[in-house]
Amino acid sequence: MKKLSFIMVAVFFMISASLASASTLEEVQKRDVLQCGVSTGLPGFSNPDEKGNWTGLDVDACRAVAAAVLHDANKVKFVPLTAKERFTALQSGEIDILSRNTTWTLTRDTSLGLNFTHTDYYDGQGFMVSKKLGVKSAKELDGAAICIQSGTTTELNLADYFKQNKMKYQAVVFDTSDQTVKGFEAGRCDVLTSDQSQLYGLRIKLAKPEDAVVLPEIISKEPLGPVVRQGDDGWFNIVKWTIFAMIDAEEMGVTSKNVDEMKKSTDPNIRRLLGLEGIKGKGMNLSDDWAYQIIKQVGNYGEVFERNVGQGSPLKIKRGLNALWNKGGIQYAPPIR
Amino acid sequence: MGALFFFALFDLHMATVEHPQKTAWWNNAHNRALLFQVLLAIGVSLFFAFIANNTIHNLQQRGISTGFAFLKQKAGFGIIQHLIPYTENDTYGRTFIVGLLNTILVSALGIICATILGFIIGVARLSSNWLVSKLAGIYIETFRNLPLLLQIFFWYFAVLQALPSPRNSLHIGEKFFLNIRGVYLPSPIFQQGFGWVAGAFILAILATIILKRWAGKRQEETGEQFPVFWTATGLILLLPMVAYFATGRPLSWEYPVLKGFNFQGGITIIPELAALLIALSVYTASLIAEIVRSGILSVSHGQTEAAAALGLRPGKILRLVIIPQAMRVIIPQMTSQYLNLVKNSSLATAIGYPDLVSVFAGTTLNQTGQAIEVIAMTMAVYLTISLTISFFMNWYNARSQLRER
Ligand SMILES: N[C@@H](CCC(=O)N[C@@H](CS)C(=O)NCC(=O)O)C(=O)O
Numbered sequence: 008m009k010k011l012s013f014i015m016v017a018v019f020f021m022i023s024a025s026l027a028s029a030s031t032l033e034e035v036q037k038r039d040v041l042q043c044g045v046s047t048g049l050p051g052f053s054n055p056d057e058k059g060n061w062t063g064l065d066v067d068a069c070r071a072v073a074a075a076v077l078h079d080a081n082k083v084k085f086v087p088l089t090a091k092e093r094f095t096a097l098q099s100g101e102i103d104i105l106s107r108n109t110t111w112t113l114t115r116d117t118s119l120g121l122n123f124t125h126t127d128y129y130d131g132q133g134f135m136v137s138k139k140l141g142v143k144s145a146k147e148l149d150g151a152a153i154c155i156q157s158g159t160t161t162e163l164n165l166a167d168y169f170k171q172n173k174m175k176y177q178a179v180v181f182d183t184s185d186q187t188v189k190g191f192e193a194g195r196c197d198v199l200t201s202d203q204s205q206l207y208g209l210r211i212k213l214a215k216p217e218d219a220v221v222l223p224e225i226i227s228k229e230p231l232g233p234v235v236r237q238g239d240d241g242w243f244n245i246v247k248w249t250i251f252a253m254i255d256a257e258e259m260g261v262t263s264k265n266v267d268e269m270k271k272s273t274d275p276n277i278r279r280l281l282g283l284e285g286i287k288g289k290g291m292n293l294s295d296d297w298a299y300q301i302i303k304q305v306g307n308y309g310e311v312f313e314r315n316v317g318q319g320s321p322l323k324i325k326r327g328l329n330a331l332w333n334k335g336g337i338q339y340a341p342p343i344r
Numbered sequence: 494m495g496a497l498f499f500f501a502l503f504d505l506h507m508a509t510v511e512h513p514q515k516t517a518w519w520n521n522a523h524n525r526a527l528l529f530q531v532l533l534a535i536g537v538s539l540f541f542a543f544i545a546n547n548t549i550h551n552l553q554q555r556g557i558s559t560g561f562a563f564l565k566q567k568a569g570f571g572i573i574q575h576l577i578p579y580t581e582n583d584t585y586g587r588t589f590i591v592g593l594l595n596t597i598l599v600s601a602l603g604i605i606c607a608t609i610l611g612f613i614i615g616v617a618r619l620s621s622n623w624l625v626s627k628l629a630g631i632y633i634e635t636f637r638n639l640p641l642l643l644q645i646f647f648w649y650f651a652v653l654q655a656l657p658s659p660r661n662s663l664h665i666g667e668k669f670f671l672n673i674r675g676v677y678l679p680s681p682i683f684q685q686g687f688g689w690v691a692g693a694f695i696l697a698i699l700a701t702i703i704l705k706r707w708a709g710k711r712q713e714e715t716g717e718q719f720p721v722f723w724t725a726t727g728l729i730l731l732l733p734m735v736a737y738f739a740t741g742r743p744l745s746w747e748y749p750v751l752k753g754f755n756f757q758g759g760i761t762i763i764p765e766l767a768a769l770l771i772a773l774s775v776y777t778a779s780l781i782a783e784i785v786r787s788g789i790l791s792v793s794h795g796q797t798e799a800a801a802a803l804g805l806r807p808g809k810i811l812r813l814v815i816i817p818q819a820m821r822v823i824i825p826q827m828t829s830q831y832l833n834l835v836k837n838s839s840l841a842t843a844i845g846y847p848d849l850v851s852v853f854a855g856t857t858l859n860q861t862g863q864a865i866e867v868i869a870m871t872m873a874v875y876l877t878i879s880l881t882i883s884f885f886m887n888w889y890n891a892r893s894q895l896r897e898r
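These protein sequence lines are chains A and B, in that order. If you're matching positions, the first sequence starts at 8 in this note's numbering and goes up one per residue. If you're matching positions, the second sequence starts at 494 in this note's numbering and goes up one per residue.
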């Protein structure tokens with residue numbers, strides 16, 4: 008009943024809250040803390056440590072926004088949400104940004120009253136199986152019991168994939184990733200399915216990670232990124248350009264370590280990025296050094312990636328699609344000018 | 494609330510104001526009360542209309558879809574347990590029915606099991622046998638005081654998951670299997686002529702009812718007893734059996750077989766259902782046991798002594814004298830336990846049992862984003878179930894009240 012009452016309260020807010028009184032930017036500045044919706048615990052993306060400090064790629068997206076808006080990457084309140092709760096939480100104004108490995112789809116973008124800002128991680132759905140089963144390909148999974156998390160695109164892709172391949176399956180649907188992992192670990196299911204990056208994250212949650220393998224097949228496109236409420240274009244711009252600034256910074260070679268030195272650069276691109284010339288933060292009602300703060304306090308996209316999911320993390324995910332466009336990937340941000 | 498208040502007002506006026514002389518119509522208490530009621534009704538309707546209108550307007554402004562058209566859209570996700578045929582190609586509307594039936598299934602089974610178990614434990618608690626009464630006491634104190642969610646997790650993860658993998662199933666012959674994926678039973682396949690067997694069964698039940706009436710009457714008139722129980726058991730077993738063999742055994746079984754990862758065929762009881770059912774029954778039984786105990790204690794001891802003096806044996810004293818009187822205390826409290834059980838069944842989502850909240854207020858809500866419609870429908874369901882149970886229990890309560898002759 009607890010879950011249900013959470014949603015009921017949120018629904019009540021949706022009914023009663025009148026339309027956009029103050030802009031999200033003003034509200035966040037007045038409150039002096041950014042409210043950011045994240046997962047309940049997914050290593051690499053948003054995961055609390057024992058002391059309750061959140062880390063991860065999705066977490067850093069919020070920290071970057073806080074750095075740009077509040078000049079302090081630590082002024083973020085993280086709200087853990089299950090897949091089912093996340094959209095209602097954003098719609099009802101309980102959070103300012105949803106940064107919770109959320110896939111951009113037509114339905115979500117057009118009928119929930121939400122807007123996806125930019126894809127900060129290109130993902131796809133994969134399968135993890137126990138090594139014992141000796142399965143080499145997803146095509147061999149006919150008749151398998153599969154653990155999934157409810158309220159995800161995963162649930163729908165799975166049905167499509169098995170139908171297309173004329174296979175049967177049994178879906179065991181859980182609420183949080185913790186329960187999903189436990190169900191898989193206890194042997195309730197043969198397979199755990201989710202976005203592939205998350206499988207690597209969940210795999211290290213297993214008692215014996217080496218007993219599970221991630222199958223090579225990717226069965227869907229899962230572009231993940233921060234989401235905001237529809238109807239506040241100013242806020243939409245801020246979040247979108249926060250991500251762009253991190254990607255552009257990587258492209259220009261500006262990092263959290265060298266950003267102060269880079270202020271001396273004569274490259275006009277870098278000077279515009281760091282707010283030394285050009286339009287600066289004016290169009291977004293932010294201070295001139297908004298992007299400087301992001302890079303200084305959080306880092307550029309490459310740093311954030313490597314630290315959380317790449318070589319600097321236990322997940323060791325390769326850049327792949329998430330490399331910059333000029334390095335063989337598809338991460339590409341419009342110019343800052 | 495409002496209506497109640499005005500009824501009170503109405504009564505008040507009826508009681509106090511009774512002027513003989515003619516007054517203007519609005520000074521007439523009766524008319525005035527009526528006027529207030531109409532005004533109130535209009536006010537309340539306007540208020541709700543305003544909220545509804547405001548909500549729809551707000552949702553549209555924010556670009557959130559509204560309306561119930563989504564119920565006709567294809568759902569596209571699988572559900573592990575469905576009492577009616579269901580595939581990914583069915584609609585969101587059907588996911589509502591599937592979830593609803595699953596909620597009703599676990600609630601109904603839970604109510605039956607919790608009642609039986611609760612009665613047994615409650616009576617055992619009062620047993621004169623020290624060990625039995627202590628054990629019942631320990632049961633009650635343990636399960637009543639642990640949070641239900643914890644118990645659900647316990648039954649699910651700790652006990653059920655200690656079961657073997659499908660390939661190492663526990664089994665009875667090649668017919669019944671038990672493993673971590675659930676209990677697999679043979680499913681009956683009815684052939685032509687099975688109607689006769691079913692008919693014979695119904696006939697036996699009808700005969701039993703008539704027999705019981707007749708025996709009761711006879712006992713009242715002559716004081717002679719008739720062994721109704723044994724006769725009825727014989728009837729109910731024998732009659733269908735005769736029909737079964739007479740029609741050439743029109744029943745065969747489909748046995749579950751291990752194919753690939755899992756067993757296919759037969760009937761499956763998923764562990765999620767089993768765990769939820771056990772947890773709900775065990776927990777609610779501990780509360781019911783206390784109610785039963787207090788009910789029995791409310792019947793004065795003199796009754797027991799009087800019955801014993803009449804020569805009734807202890808079993809009969811309990812069944813014929815104490816329980817019927819205790820029922821008057823027990824039933825009203827039982828109603829609220831039943832209502833709680835139904836509501837608690839929504840904890841299902843924690844272990845992936847596909848009940849209404851998990852399937853419809855969970856997945857369907859999330860995939861369509863139509864929170865208000867989905868939550869409204871879900872609330873309507875729980876309200877309806879609750880009202881139905883209350884209604885039935887009130888009727889039963891009225892029936893079992895002491896009829897003074
Ligand atoms: N990208 C998909 C799936 C997202 C998702 O919720 N994945 C699970 C993986 S099991 C997760 O992150 N769970 C974390 C949690 O429950 O907090 C979507 O947007 O629907």
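The beta carbon of each residue, even a glycine, is placed where N, CA and C say it ideally should be.
9 Å or more divides the Cβ of A/Pro321 from the Cβ of A/Pro55. Taken atom to atom, the span from the alpha-carbon of A/Asp255 to that of A/Ser263 is near 13 Å. In this structure, B/Leu751 keeps its C-beta atom at 9 Å or more from the C-beta atom of B/Arg637. Between B/Ala864 and A/Thr109, the C-beta gap is not smaller than 9 Å, which leaves the two residues out of contact. In this model, A/Val83 and A/Gly63 are separated by some 14 Å (Cα to Cα). For A/Thr109, no Cβ of chain B is located within less than 9 Å of the residue's own Cβ. Taking A/Lys303 as the centre and dropping the five residues before and after it, the same chain places the C-beta of Ser263, Val266 closer than 7 Å to its C-beta, in chain order. Short of 8 Å from the beta carbon of B/Ser893, and not among the five residues preceding or following it, lie these beta carbons of its own chain, in chain order: Pro817, Met820, Arg821, Ile824. The Cβ atoms of A/Ser201 and A/Leu209 lie closer than 9 Å to each other.
Taking 9 Å as the CB threshold, A/Lys170 lines the interface with chain B. DSSP places B/Ser745 in the strand class (E or B) of the three-state scheme. Taking a contact as a CB-CB distance under 8 Å, the pair A/Val72 and A/Ile104 counts as one, their CB atoms being some 6 Å apart.
Taking all protein chains in view, the Cβ of B/Ser600 is crowded by 16 or more other Cβ atoms within 10 Å, so the residue is classified as buried.
Ranked by Cα distance from B/Gln685, the options B/Ser774, B/Tyr737, B/Glu634, B/Gly727 are led by B/Tyr737. In this structure, B/Phe563 lies near B/Glu866, with their beta-carbon atoms less than 9 Å apart. Here A/Trp61 is bridged, per DSSP, to A/Pro55. For B/Gln644, no Cβ of chain A is located within less than 9 Å of the residue's own Cβ. Residue environment: A/Asp197 is assigned as buried (16 or more neighbouring CB atoms within 10 Å of its CB, all protein chains considered). B/Ile673 is positioned such that its CB atom lies closer than 9 Å to that of A/Arg195. The segment 841 to 849 of chain B makes contact with the segment 761 to 772 of chain B; the number of CB pairs closer than 8 Å reaches 3 or more. Exclusion of the five residues before and after A/Phe123 leaves Trp111, Asp116, Gly232, Val234 as the residues of its chain whose Cβ lies within less than 7 Å of its Cβ. Going by C-alpha positions, A/Val66 is about 27 Å away from B/Thr861. Distance from the CA of B/Ala617 to the CA of B/Ala802, rounded to the nearest whole angstrom, comes to 23 Å. Residue burial is scored here from C-beta neighbours: B/Ile760 has fewer than 16 other C-beta atoms within 10 angstroms and is therefore classed as exposed.
For B/Lys752, the nearest CB of chain A lies under 9 Å from its own CB, placing it at the interface with that chain. Judged by their CB atoms, A/Ile286 and A/Leu32 are not nearer to each other than the 9 Å cut-off.
Contact of B/Gln830 with chain A by beta-carbon distance below 7 Å is absent, the smallest such distance being about 15 Å. Taking 9 Å as the CB threshold, B/Ile815 stays off the interface with chain A.
Among the CB atoms of chain B, one or more fall inside 9 Å of the CB of A/Val179. Each residue's CA atom was taken as its position, placing B/Phe756 and A/Val179 some 16 Å apart. Residue burial annotation: B/Lys710 is exposed, with fewer than 16 other C-beta atoms found within 10 angstroms of its C-beta. Of all residues in the segment 181 to 195 of chain A, those with a C-beta nearer than 8 Å to a C-beta of chain B are Phe181, Asp182, Gln186, Lys189, Gly190, Ala193, Gly194, Arg195, reading in chain order.
Distance from the CA atom of A/Pro275 to the CA atom of A/Glu268, rounded to whole angstroms, is 15 Å.
The Cβ atoms of A/Phe181 and A/Gln156 lie closer than 9 Å to each other. The three-state secondary structure of B/Ser680, taken from DSSP, is strand. B/Ile868 sits in a helix when the DSSP states are folded into three classes.
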